[in-house]
Amino acid sequence: MGDVANSSIEFHPKPQQQREAPHAGGFGCTLAELRSLMELRGAEALQKVQETYGDVGGLCRRLKTSPTEGDLLPADGVLIQGNDLKIDESSLTGESDHVRKSADKDPMLLSGTHVMEGSGRMVVTAVGVNSQTGIIFTLLGAGGEEEEKKDKKGKATAPCSKQQDGAMESSQTKAKKQDGAVAMEMQPLKSAEGGEMEEREKKKANVPKKEKSVLQGKLTKLAVQIGKAGLVMSAITVIILVLYFVIEAFVVEGRAWLAECTPVYVQYFVKFFIIGVTVLVVAVPEGLPLAVTISLAYSVKKMMRDNNLVRHLDACETMGNATAICSDKTGTLTTNRMTVVQSYLGDTHYKEVPAPSVLTPKILDLLVHAISINSAYTTKILPPEKEGALPRQVGNKTECALLGFVLDLNRDFQPVREQIPEDKLYKVYTFNSVRKSMSTVIRTPDGGFRLFSKGASEILLKKCTNILNSNGEPRSFRPRDRDDMVKKVIEPMACNGLRTICIAYRDFSAAQEPDWDDENEVVGDLTCIAVVGIEDPVRPEVPEAIRKCQRAGITVRMVTGDNINTARAIAAKCGIIQPGEDFLCLEGKEFNRRIRNEKGEIEQERLDKVWPKLRVLARSSPTDKHTLVKGIIDSNTGEQRQVVAVTGDGTNDGPALKKADVGFAMGIAGTDVAKEASDIILTDDNFTSIVKAVMWGRNVYDSISKFLQFQLTVNVVAVIVAFTGACITQDSPLKAVQMLWVNLIMDTFASLALATEPPTESLLLRKPYGRDKPLISRTMMKNILGHAVYQLTIIFTLLFVGELFFDIDSGRNAPLHSPPSEHYTIIFNTFVMMQLFNEINARKIHGERNVFHGIFGNPIFCTIVLGTFAIQIVIVQFGGKPFSCSPLSTEQWLWCLFVGVGELVWGQVIATIPTSQLKCLKEAGHGPGKDEVTDEELAEGEEEIDHAERELRRGQILWFRGLNRIQTQIRVVKAFRSSLYEGLEKPESKTSIHNFMATPEFLINDYTHNIPLIDDTDVDESEERLRAPPPPSPNQNNNAIDSGVYLTTRGTMPATSSVLSSGPGSPLHSVETSL
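Heads up, the sequence shown is in the working numbering, so the first residue is 2 and it goes up one at a time.
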């Protein structure tokens, strides 16, 4: 990097009064015009400046301005005078090379980019949220408040600026252009619903809300369903127990209610109530949140060892469902450092960096001198800043690649430079776009001169008449040889996306010193030393990682700012595109052309035709990436909705990282903006860490499913046993304290045991579950019902004939305060033993036979199972009356264990039954439906809304909607009535309902775009439309949008609507119709 003195841009502040009016009146051109200008690059930008303003000077005059030192540009602007100015735009565009800027070729300078060489003066055209970096922050939600203020300001000044501009555009376009949100590139996706979708998008954008993860949504819904079922079962249990007791005592036996017996009756009722509460406690899966938290916390801790720093806990769970990964190229798939990967030295084409031993010392020495001397001395390779990182490249990236090549050949460029310092260089022909080469002349010890030259191979090879052979001796290099070399060496390199550089030299004797000003004469008759191929190489571990992703059913897409040829070549090397596949590689322009309609709006339907086959998106802007990610997430095509992960390291990746279900940022190369927007940071910048994140994510999902399979089996059995036992014997076979112990086993301990299972590679051999896949599959449902049948059969057998089998007293129909019986203790002990062995069965949920596979790899599981067994022995043998247990003999214990082990055998029997034959089984635990999701999106001031809360709010929503419609009808009636008199209703004559409904949450008067207005030419038609019932809204739960017809007086009209309203003679000045 050049020093500050010669790498600065000068700024002259604008006059204060110019800031006040960003529109045509005072500033010379509108904000929208400047913003659209700043989105162009190179020749397009120049053409636009020439067409609109004449030249850069004309733009300056229009802006009425003339252009803080530092390497980082703080604002967008147009270069008006430059001196060898080079900008590093990689943080915004992903482009690896420095971009040369000049007033007559490419004058656009962007905020957030770095000045690498030269100096210049610029006109500032955009700062803050209007600059390119500001726009990115706006997409991240950082500039929300400023945008809102600007939005209001834009609307307030719309009519006057229209008058000043002189009706050049239609009012709708004007409103769109002055809208503070974002330029055309950043409009929200629109489908056939049009305005309604846009309103919802706008609403969502203004409310910072934490969305639920896929798994949380499914679990919340499932927990509510199970809780409801448990509540119903417990209520029925209590009702049946009370009725049974009352009918038997007071009807069948004909007893009278005696005052002295009241305490006894109350004790019975309390006992029934306790049994009911116990059924409810067992039925409600309060262990679910615990299992999720334990599983996620355990995974996060372990993922840190796999170089995944998880910033948001639910991100690792969501990653297990990922169906698509949109990856940045520069720095993620590649190393973000130009490197020599192929070379042609001594008549040999090396596909890798050759070992120094295979090269002749003469060739090696010439090559090292040619590279070290004939490059800017400010270009260096420095040691890495952090341990484990790659060496830092400073200066021109192509020269850094060549210096890296010297280091790879086990040589050092620094001693050569120290031997021939910069001030001893005799003559330097610097690189420029005309020469496409750089040459340096030095004096040799014998008084002669040596010229080293490097440049584009197609230019420099034409000037070569000799080439070094394998012995380092020059041999003649004729045009025929050159054509042969182009075909065999240069074209294959170019096809692989490599940039080819030729390195050559020429000696002059002291006697024949040339005319150094005659460059064509000097740089000619060269001897070629080498031709090298340079690229930003693919990380070595990436192709294998992408293969694993594809095998796991995850589609990997590359989104980059680099050119299409390089992107396609890198994608082929990574394995993203395979020969013979049906795929699309598009540039940003073509992508936008395909997904936008005639008005320039993005349509989801068009996008759905593009993204399934899209594999490479090149020359893309940050908003293109954001649009693609959003489009894939919102798409409903295909069997299931997509879960998208995005990787990136630059500022330009920020919006997409934020929008994605899971955003991965690079820990070493990543910018602060990228890290802030991400969910997981890859501390080693390695794509393979993403595969590990997928593995852990799927493991979390499977752990929750294992726990559910186990818990629901216990739920079903415990609730049915308590319910049936209570109905038949007026007492639950499992007492309240025993039930709570079982609840502790199956909730707390089981969640700890099953949620800490380590992941295996086999998790990557199946397809992702996706958003809509149910938590409980048919295989799991088969296991749950199969084991429940076995357990219920055993328990009911023991309940009704157990006393005969064990030759003990029956525990049925025991008096109120009788001591614990052996009979019921055996039932309790058998039940717990079956749960313990079923916990081992629950380790496998996909029908695997070997349930012990990897059991010793999870010490927590083994400890919990053995610990629970030990505590159970203590409870049974020494629990006594508190646990309603009577000590058991060794023989009885062995029988309980035998029945428990039978669970494992029964598990093998169930595994034999093919799931495909059991068509009657239903899946459970689907994600929230589309209607519920829409409700959640519309809930404004809340961080997070769970399912139960949403159920409660449904009544409120219907009530408010009713009020909304009454308000609408009153206003419509008043409008028609008032049209018979002087005019419309006065703003102050609103009803109390209207005053109540005038809160921002229920007013949609602000949304004026895409709303058809009725004028005096079609009053009759409007009357019919008002009498007809309103069309059904696509979303039945939409309380804020589905609100019939609104009437607004001119006094209450928003400023932007006033220019659109009908003529003054109209009885209906402005009727807004919400579609």
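Note that the Cβ used here is the ideal one computed from N, Cα and C, for glycine as well.
The beta strand (DSSP E) spanning residue i covers which residue range?
{"i": "Gly649", "result": "645 to 649"}
{"i": "Glu588", "result": "585 to 588"}
{"i": "Gly1083", "result": "Any question about residue 1083 goes unanswered here, given that the chain covers just 2 to 1076."}
{"i": "Ile669", "result": "Where Ile669 is concerned, there is no enclosing beta strand (DSSP E), given that its DSSP letter is neither H nor E."}
Compare the beta carbon distance of residue i and residue j with 8 Å and say whether it is the shorter of the two.
{"i": "Phe453", "j": "Cys529", "result": "no"}
{"i": "Ile364", "j": "Leu469", "result": "yes"}
{"i": "Val395", "j": "Thr380", "result": "yes"}
{"i": "Pro538", "j": "Thr335", "result": "yes"}
{"i": "Thr916", "j": "Thr714", "result": "no"}
{"i": "Ala323", "j": "Val663", "result": "yes"}
{"i": "Gly448", "j": "Met494", "result": "no"}
{"i": "Leu499", "j": "Val560", "result": "no"}
{"i": "Gly908", "j": "Asn859", "result": "no"}
{"i": "Gly632", "j": "Leu608", "result": "yes"}
{"i": "Lys106", "j": "Leu47", "result": "yes"}
{"i": "Gln82", "j": "Gly121", "result": "yes"}
{"i": "Ser235", "j": "Leu289", "result": "no"}
{"i": "Asp703", "j": "Asn308", "result": "no"}
{"i": "Arg699", "j": "Gly218", "result": "no"}
{"i": "Ile669", "j": "Ala284", "result": "no"}
According to DSSP, is residue i helix, strand or coil?
{"i": "Tyr299", "result": "helix"}
{"i": "Cys529", "result": "strand"}
{"i": "Leu220", "result": "helix"}
{"i": "Glu353", "result": "coil"}
{"i": "Lys991", "result": "Confidence in Lys991 is poor, its pLDDT being 38 and thus under 50, which makes the residue's placement unreliable; the coordinate value appears in the next sentence. Three-state result, Lys991: coil."}
{"i": "Pro475", "result": "strand"}
{"i": "Asp537", "result": "coil"}
{"i": "Ile491", "result": "helix"}
{"i": "Gly249", "result": "First, the amino acid is wrong: residue 249 is Glu here, not Gly. Helix, per DSSP."}
{"i": "Gly405", "result": "helix"}
{"i": "Cys575", "result": "helix"}
{"i": "Ile227", "result": "helix"}
{"i": "Tyr269", "result": "helix"}
{"i": "Gln641", "result": "coil"}
{"i": "Arg444", "result": "strand"}
{"i": "Cys863", "result": "helix"}
{"i": "Lys882", "result": "helix"}
For the alpha helix (DSSP H) containing residue i, list its first residue and its last residue.
{"i": "Arg699", "result": "689 to 730"}
{"i": "Asp485", "result": "480 to 486"}
{"i": "Arg418", "result": "415 to 420"}
{"i": "Asp673", "result": "673 to 678"}
{"i": "Pro362", "result": "362 to 374"}
{"i": "Ser91", "result": "91 to 94"}
{"i": "Met782", "result": "779 to 807"}
{"i": "Asp609", "result": "605 to 611"}
{"i": "Asn744", "result": "737 to 745"}
{"i": "Asn521", "result": "520 to 523"}
For chain C, find out if any of its Cβ atoms is closer than 8 Å to the Cβ of residue i; answer yes or no.
{"i": "Pro286", "result": "The chain inventory of the structure shown lacks chain C, comprising one protein chain alone."}
Thinking just about the alpha-carbon of each residue, which of the options is nearest to the one in residue i?
{"i": "Glu922", "options": "Ile846, Asn784, Phe273, Val265", "result": "It is worth fixing the name first, because residue 922 is Leu in this sequence and not Glu. Looking at the Cα atoms, Asn784 is the closest of the given residues."}
{"i": "Asp89", "options": "Val100, Met339, Gln420", "result": "Val100"}
{"i": "Arg813", "options": "Leu805, His824, Met339", "result": "His824"}
{"i": "Leu216", "options": "Leu232, Phe273, Cys317", "result": "Cys317"}
{"i": "Gly649", "options": "Ala531, Tyr378, Thr672", "result": "Thr672"}
{"i": "Leu793", "options": "Ile841, Leu360, Trp742, Phe724", "result": "Phe724"}
{"i": "Gln133", "options": "Thr114, Tyr266, Gly639", "result": "Thr114"}
{"i": "Thr361", "options": "Lys387, Tyr351, Leu346, Ala371", "result": "Leu346"}
{"i": "Val265", "options": "Gln836, Ile777, His818", "result": "His818"}
{"i": "Val490", "options": "Asp519, Arg507, Ser471, Ser458", "result": "Ser458"}
{"i": "Arg306", "options": "Val900, Ile682, Ser763", "result": "Ile682"}
{"i": "Asp518", "options": "Ser733, Ala573, Ala33, Lys428", "result": "Lys428"}
Examine the Cβ distances between the segment 328 to 347 and the segment 735 to 747 and report whether three or more of them are shorter than 8 Å. No, the segment 328 to 347 is not in contact with the segment 735 to 747.
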